[in-house]
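As you go down the protein sequences, you meet chains A and B in turn. First residue of the first sequence: 81, per the working numbering; consecutive thereafter. First residue of the second sequence: 1008, per the working numbering; consecutive thereafter. Everything below concerns the one structure shown next.
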Amino acid sequence: MSSSMLPGPNRTLYPVNVSQREFPPNIWNQCIDQEAALWKAIKDCGGIQILCPGHKYASPPWQKMPSQGKRFGHPSSIPLASAVLGVDTVVQSFIVPYGYDGVIAAPVNEYTGMGFAEGSGDLIWRIRINQHYVKDYGNIQTTLGSTIQPWYNANSQILLQSGQLVQYLVNRSVGSIGNLNGGRIICGLWGWYWPR
Amino acid sequence: MPLNDYQSPLSANLGPWQNVYSDPATAQAIAAKFGGTVIPRPDGSGNYDVYYPKPSALPTVYTPSFPTVTPPRTTALAPPSFSAAPPENKSNQPRPGYLRNIVDAFSYNTMLFPYMANRYFPMALSQMEILRRAANYRARWFVIPDDIDQPLQPFDTLYFQINVAGGSYLYGYQFTSISALNPSGNPTETFNTDICVQAVDSCTGISLFEDFANGGGCNSNFTSRCLPIPLTQPRLILEPGLVNVQLSNTTPNTITCQLLMHFAEPCKTITEEDRQREFAMQNRRLRRITEAEYFQGVRR
């Protein structure tokens, strides 16, 4: 507004910046406001999950297995020779049952042969869910727990959803030839499912 | 009024609004209410079309054309009469059936072909009509990650949360993978399919995609002729306006990429009255502080 202009009457709108629109709300804003009010009501009711059918658990089912939960354990192994050099090889694979969600409470990966140096990159394990790798579990270069003592950590739980494909992969690097000798590559996942 | 009850404004420009009803009583009632004409469908489906004339302000010569019927029609079909203009919209609700396509910078497409009816692009655009016509919304685009040089480590997932204004609408997105370094540290080729994308409304916990979406499908450039990729409907983001975005690298390469999310952000109109009220509140607050300091010797 130029300084030579006289100030307008009361309730005159002066935009405070270039982004401020001068247009008053119109009927389309009313449509939007109605939708926003509807979703706000749903939110105030506790969210859409409250309105949806399904089980309601007193405590988060991923912290403690509920009474209808189903335990699962998937230890698998392959001989060293079966691990294709430079290629992700599936050691273990399973699909989360339909209608169930789940949690991986304890992953395990280890090598029983000789010559494996932790963190050397000779063996790299990965946990993949569908087509993406689990955060911090996509490039495991060290042994994780053991079949006697799985690596259980309440803060490392991996949540699963119905129908997801879970794969435990191992990648034997080309440079591992001559370092690794015999033995088997073990991958295991322990946890539980619960009905939705 | 649900948006999917009307044609896209593009096709609405070609002729009067047409609706299909299977119940003749409903068709008659709708036609009587809005001054339309009921015509049985000649295809033998038992449905009824309700034709509406265009507003008088938009005179158009309309010649109804029907698809080839089987069996062939034996009697001539009376053309609808368009002598009367539709009634004015006296209710407080909009009449989406008369929406005309507006030219704005909402989305961009380099080809005329995708604008044709029954394509995803015009249909998705038609779902944005109310948002496009609403006042006091402005575009705000968020980039994830905000630093384009922030690389995604091999097989890693980037967690990023953006904070939009409450009441914003997400209406589109586009993604591109920019550059990559192989495990040896040398530049290598990267593809959009190397990255998986997911976005979740932190307030409701509802995700944009059922699971991680392949970045190749989220890529939008001049080859795909669509900027950005519009959602089927704009997604309302309530307070506190947090959106959790995840970008997952599925390759052994270190990749830089960027996801662009298009929001329509509500702008609050500040009237002079609001400003005066705010000034008055500030004055009162300042006055209380001054009095307290004067009478009690309390320095705040």
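Every residue, glycine too, gets a C-beta built ideally from N, C-alpha and C.
Which of the three DSSP states is assigned to residue i in this structure?
{"i": "Asp216 of chain A", "result": "coil"}
{"i": "Asn1189 of chain B", "result": "coil"}
{"i": "Pro1103 of chain B", "result": "Here the model assigns Pro1103 of chain B a pLDDT of 48, short of 50, so the residue's position is not dependable and the matter cannot be decided."}
{"i": "Asn1251 of chain B", "result": "strand"}
{"i": "Ala1146 of chain B", "result": "strand"}
{"i": "Ala197 of chain A", "result": "coil"}
{"i": "Thr1297 of chain B", "result": "helix"}
{"i": "Asn1256 of chain B", "result": "strand"}
{"i": "Gln114 of chain A", "result": "helix"}
{"i": "Phe1167 of chain B", "result": "strand"}
{"i": "Pro1049 of chain B", "result": "coil"}
{"i": "Leu1245 of chain B", "result": "coil"}
{"i": "Met1268 of chain B", "result": "strand"}
{"i": "Arg1126 of chain B", "result": "coil"}
{"i": "Ala1287 of chain B", "result": "helix"}
{"i": "Asn210 of chain A", "result": "coil"}
{"i": "Asn261 of chain A", "result": "strand"}
{"i": "Val176 of chain A", "result": "coil"}
{"i": "Asn251 of chain A", "result": "strand"}
{"i": "Asp1056 of chain B", "result": "strand"}
{"i": "Thr1044 of chain B", "result": "strand"}
{"i": "Pro1158 of chain B", "result": "coil"}
{"i": "Pro1235 of chain B", "result": "coil"}
{"i": "Ser1175 of chain B", "result": "strand"}
{"i": "Gln1240 of chain B", "result": "strand"}
Residues of chain A with a CB under 8 Å from the CB of residue i: which are they?
{"i": "Cys1203 of chain B", "result": "Gln211 and His212"}
{"i": "Ile1324 of chain B", "result": "Since the first residue of chain B shown is 1008 and the last is 1307, residue 1324 of chain B is not available in this structure."}
Can you list, in chain order, the residues of its chain whose CB lies under 6 Å from that of residue i, leaving out five sequence neighbours each side?
{"i": "Thr192 of chain A", "result": "Gly263 and Arg264"}
{"i": "Tyr297 of chain A", "result": "For residue 297 of chain A there is no data in the structure shown, the boundaries of chain A being 81 and 276."}
{"i": "Pro1227 of chain B", "result": "The sequence given here places Ser at residue 1227 of chain B; Pro does not occur at that position. Correct list, in chain order: Gln1181, Cys1233, Leu1234, Pro1235 and Ile1236."}
{"i": "Glu1272 of chain B", "result": "Arg1145, Arg1147, Ala1172 and Ser1175"}
{"i": "Asn1251 of chain B", "result": "Gln1168, Val1207 and Ser1209"}
{"i": "Pro1031 of chain B", "result": "Tyr1055"}
Provide the residue(s) that pair with residue i in DSSP beta bridges, ordered along the chain.
{"i": "Gly182 of chain A", "result": "A:Leu240 and A:Tyr273"}
{"i": "Tyr232 of chain A", "result": "Looking at the DSSP assignment, Tyr232 of chain A forms no beta bridge with any residue, so it has no partner."}
{"i": "Pro1194 of chain B", "result": "B:Leu1188"}
{"i": "Glu190 of chain A", "result": "A:Ile266"}
{"i": "Ser1214 of chain B", "result": "B:Val1207"}
{"i": "Phe1219 of chain B", "result": "Looking at the DSSP assignment, Phe1219 of chain B forms no beta bridge with any residue, so it has no partner."}
{"i": "Asn108 of chain A", "result": "Reading off the sequence, residue 108 of chain A comes out as Trp, not Asn. According to DSSP, Trp108 of chain A bridges with nothing at all."}
{"i": "Phe1182 of chain B", "result": "B:Asn1226 and B:Leu1266"}
{"i": "Ser1114 of chain B", "result": "BP columns for Ser1114 of chain B are empty, so no partner."}
{"i": "Ile1037 of chain B", "result": "DSSP lists no partner for Ile1037 of chain B."}
Interface residues of chain B around residue i at Cβ under 8 Å?
{"i": "Asn109 of chain A", "result": "Ala1141, Ala1142 and Asn1143"}
{"i": "Asn106 of chain A", "result": "Arg1140, Ala1141 and Ala1142"}
{"i": "Ala117 of chain A", "result": "Residues of chain B passing the Cβ test: none, with the nearest at roughly 11 Å."}
{"i": "Lys123 of chain A", "result": "Cys1210, Thr1211 and Leu1245"}
{"i": "Arg206 of chain A", "result": "Phe1162"}
{"i": "Leu136 of chain A", "result": "Note that residue 136 of chain A is Lys in the sequence shown, not Leu. Correct list: empty, because the minimum Cβ distance to chain B is about 15 Å."}
{"i": "Lys144 of chain A", "result": "Here the premise fails: no neighbours, minimum Cβ distance about 21 Å."}
Please list, in chain order, the chain B residues whose beta carbon lies closer than 9 Å to that of residue i.
{"i": "Pro140 of chain A", "result": "Neighbours of Pro140 of chain A on chain B: none; closest Cβ ~13 Å, over 9 Å."}
{"i": "Ile128 of chain A", "result": "Thr1211, Gly1212 and Ile1213"}
{"i": "Gly218 of chain A", "result": "Gln1160, Pro1161, Phe1162, Asp1163, Thr1164, Ser1255, Asn1256 and Thr1257"}
{"i": "Lys150 of chain A", "result": "Ordered by position in chain B, no residue passes the 9 Å Cβ test against Lys150 of chain A, which lies about 22 Å from the chain."}
Closer than 8 Å by C-beta to residue i: which residues in its own chain qualify, once you throw out the five before and the five after it? Chain order, please.
{"i": "Tyr137 of chain A", "result": "Pro146 and Trp274"}
{"i": "Arg276 of chain A", "result": "Gly134, His135, Gly179, Tyr180, Asp181 and Ser242"}
{"i": "Asn1260 of chain B", "result": "Pro1161, Ala1187, Leu1188, Asn1189, Pro1190, Thr1195, Thr1197 and Asp1201"}
{"i": "Cys1225 of chain B", "result": "Tyr1180, Gln1181, Phe1182, Asn1199, Val1204, Ile1236 and Leu1266"}
{"i": "Leu240 of chain A", "result": "Val176, Asp181, Gly182, Val183, Ile184, Ile209, Val246, Gly271 and Tyr273"}
{"i": "Ala1336 of chain B", "result": "Lying outside 1008 to 1307, the shown extent of chain B, residue 1336 of chain B is not represented and no answer is given."}
{"i": "Thr1033 of chain B", "result": "none"}
Here's a check: name, in chain order, each residue in its chain whose Cβ is nearer than 7 Å to the Cβ of residue i, leaving out the five neighbours to either side.
{"i": "Thr1239 of chain B", "result": "Ala1131 and Gln1134"}
{"i": "Asn1170 of chain B", "result": "Gly1248 and Leu1249"}
{"i": "Gly1053 of chain B", "result": "Ser1029"}
{"i": "Gly195 of chain A", "result": "Asn259, Leu260 and Asn261"}
In chain A, what lies closer than 7 Å to residue i by C-beta?
{"i": "Asp1218 of chain B", "result": "Asn210"}
{"i": "Leu1243 of chain B", "result": "Glu115, Ala116 and Trp119"}
{"i": "Ile1174 of chain B", "result": "For the record, residue 1174 of chain B in the displayed sequence is Gly; it is not Ile. Chain A residues near Gly1174 of chain B: Ala116."}
Name, going along the chain, the residues of the region 1158-1169 of chain B whose beta-carbon falls closer than 7 Å to a beta-carbon of chain D. The structure shown contains no chain D; the protein chains it does contain are A and B.
Which runs of the alpha helix (DSSP H) fall wholly inside the region 119-167 of chain A and span at least 4 residues, in chain order? 128-131
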